[in-house]
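Here's the structure we're looking at; comments come further down.
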Amino acid sequence: MPPPALLRLCLCAAAAAASSFTLRGDHRLAGLFPLHTARRRDDASLLVRGCEDAAFKSHGYCLSQALRFAVEEINNSSTLLPNVTLGYEIYDTCSEPTNFHATLCALARKGRQDVQVLSSFQHYEPQAVAVIGPDSTRLALTTAAVLSLFLVPEVSAAPVADEEQRSQGVIVSGRGALRAEEPGRAGNAAPLCVLSQDPSQ
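Numbering (mature numbering (1 follows the signal peptide of the UniProt record, and there is no 0)) for the sequence shown: -18 to -1, 1 to 183.
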């Protein structure tokens, strides 16, 4: 068997510098939130353009503040995670390329700028232990498809794409027993579970 290949998928230092929301901790969460709204481009370029020139999006900012508040509350509690500090890295996902770039940066190994492709991902140690967001169904499903290969959980409050589901839901992807069939693909098991926000369902 050939040695594991090392793919240079992203230069995460630039993304981390562009992110204004970072907190160090024993375990880090990655927040993928649309802090800006980029105009859709007609070109099919693979170049990841920054979000600095795009219009500010208050909804994404509120989501990032909710994550920051939740982490601070957990860290200030002596009963939730004693002797453990949570951190976060919040990425601006104003477009599909920036969302994918942020996903790859969350997967980069601790202290590295690359994603190592191994024959087994059971002992893989990405920078983020979980990903929160994005808030778009399309982006959340794309992110979940990438993260599930590395067994990294994702929680997103994106609307459920399946027409049979009438209510809003939460997409959870990743480790553990939360496994269900992917909506719209009968017989194709995927690490995707839809949790209804409506307790009556």
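Backbone N, C-alpha and C define an ideal beta-carbon position, used for all residues, glycine too.
Contact annotation: residue 49 and residue 70 have beta-carbon atoms nearer than 8 Å. With a threshold of 16 other beta carbon atoms within 10 Å, residue 16 meets it and is buried. Taking the Cα positions, residue 58 is about 10 Å away from residue 66.
If you draw a straight line from the Cα of residue 138 to the Cα of residue 126, it is about 9 Å long. Checking the DSSP bridge columns, you'll see residue 129 has no partner listed.
The C-beta distance from residue 7 to residue 68 rounds to 5 Å, short enough to meet the 8 Å contact threshold. Around the beta-carbon of residue 121, 16 or more other beta-carbon atoms lie within 10 Å, marking it buried. The beta-carbon distance between residue 9 and residue 111, rounded to whole angstroms, is 5 Å. This is short enough to meet the 8 Å contact definition.
Under the 10 Å beta carbon count, residue 107 is surrounded by fewer than 16 other beta carbons and is classified as exposed. Linking residue 64 to residue 34 through their CA atoms gives a straight-line distance of about 38 Å.
Boundaries of the beta strand (DSSP E) harbouring residue 113: 110 to 114, taken from the DSSP string. Residue 39 places its beta carbon less than 8 Å from that of residue 19. Straight-line spacing of the CA atoms in residue 109 and residue 14 works out to 14 Å.
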